Amino acid sequence: MKSEISTQEFAMRFTSTPRGARLARRLVSLRLDEWGHPYDGRVNEAVTLISAEFAANAVRHGRVPGRDFHLRLAGGEDVVRLEVSDTRGEQLPERRVPCGEGGRGLILVEALADKWGVAPRQPGKTVWAEVRLSPATEG
Numbered sequence: 001m002k003s004e005i006s007t008q009e010f011a012m013r014f015t016s017t018p019r020g021a022r023l024a025r026r027l028v029s030l031r032l033d034e035w036g037h038p039y040d041g042r043v044n045e046a047v048t049l050i051s052a053e054f055a056a057n058a059v060r061h062g063r064v065p066g067r068d069f070h071l072r073l074a075g076g077e078d079v080v081r082l083e084v085s086d087t088r089g090e091q092l093p094e095r096r097v098p099c100g101e102g103g104r105g106l107i108l109v110e111a112l113a114d115k116w117g118v119a120p121r122q123p124g125k126t127v128w129a130e131v132r133l134s135p136a137t138e139g
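Heads up, the sequence shown is in UniProt numbering, so the first residue is 1 and it goes up one at a time.
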C-alpha cells in the first residue's frame with residue numbers, strides 16, 4: 001500500500017485513552033514542523049487533523065482493554081503518509097450521516113486526504129491516509 005519511499009519516519013505506541021490521542025496529535029504536528037512543514041501550513045494542518053480523527057477513532061471504536069494503538073508517520077518527496085493501527089478488526093471505519101455532534105470525522109478525512117483506506121492486520125486493522133505535497137508551497 002505504500003506509494004512512496006519514505007525519507008523520514010516517526011512511529012510510536014500510545015495508550016488507548018483520550019490523553020494518548022491528544023499526545024499523538026501533538027507529536028504529529030511537532031514532527032511535521034521539524035520536517036519543514038510549518039504548523040500553519042497546509043500539510044501540517046491537514047495531517048494533524050487527520051491524525052486527531054484516526055487517534056480518536058482508535059480510542060473510541062478500536063480500543064481493547066490493555067492494548068495500545070500504534071501511529072506511524074512517514075514523509076517522502078511527494079507525500080506524507082499517516083497510519084494508525086488498533087487491535088479491533090471487526091470495527092471498520094465507515095462514513096456515516098452526521099447526527100448531533102458525531103459522524104463528521106471521515107467526511108473531514110475525505111476532504112483533507114488525497115487517498116485514505118483501511119488495511120487488515122493481525123490483530124486488528126490499520127487506517128491510513130496520504131496527503132500529497134504541493135511543490136510550490138511545501139519544503
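All residues carry an ideal CB built from backbone N, CA and C; glycine is no exception. No experiment lies behind these values; they were computed from the predicted model shown.
For the pair of segments examined, the stretch 65 to 77 was found not to touch the stretch 101 to 121: the number of CB pairs separated by less than 8 Å stays below three. The DSSP-derived three-state label of Arg88 is coil. For Glu110, the enclosing alpha helix (DSSP H) covers residues 105 to 112.
Remark: C-beta atoms of Val80 and Val131 approach each other more closely than 9 Å.
Distance between Lys125 and Arg88, taken at the CA atoms: about 7 Å.
Relative to the Cα of Leu82, the nearest Cα in the group Arg104, Pro65, Ser134, Val43 belongs to Val43. Given a length threshold of 3 residues, each whole run of the beta strand (DSSP E) inside the stretch 3 to 43 is given here in chain order: 8 to 14. The C-alpha of Arg26 is placed about 14 Å away from the C-alpha of Trp35. For the 9 Å CB-CB criterion, Phe54 and Ala111 do not form a contact. Residues Ile50, Glu53, Trp116, Ala129 of the same chain have their beta carbon placed closer than 7 Å to that of Val109, with the five preceding and five following residues left out of the count. When rounded, the separation of the alpha-carbon atoms in Arg104 and Val127 is 16 Å.
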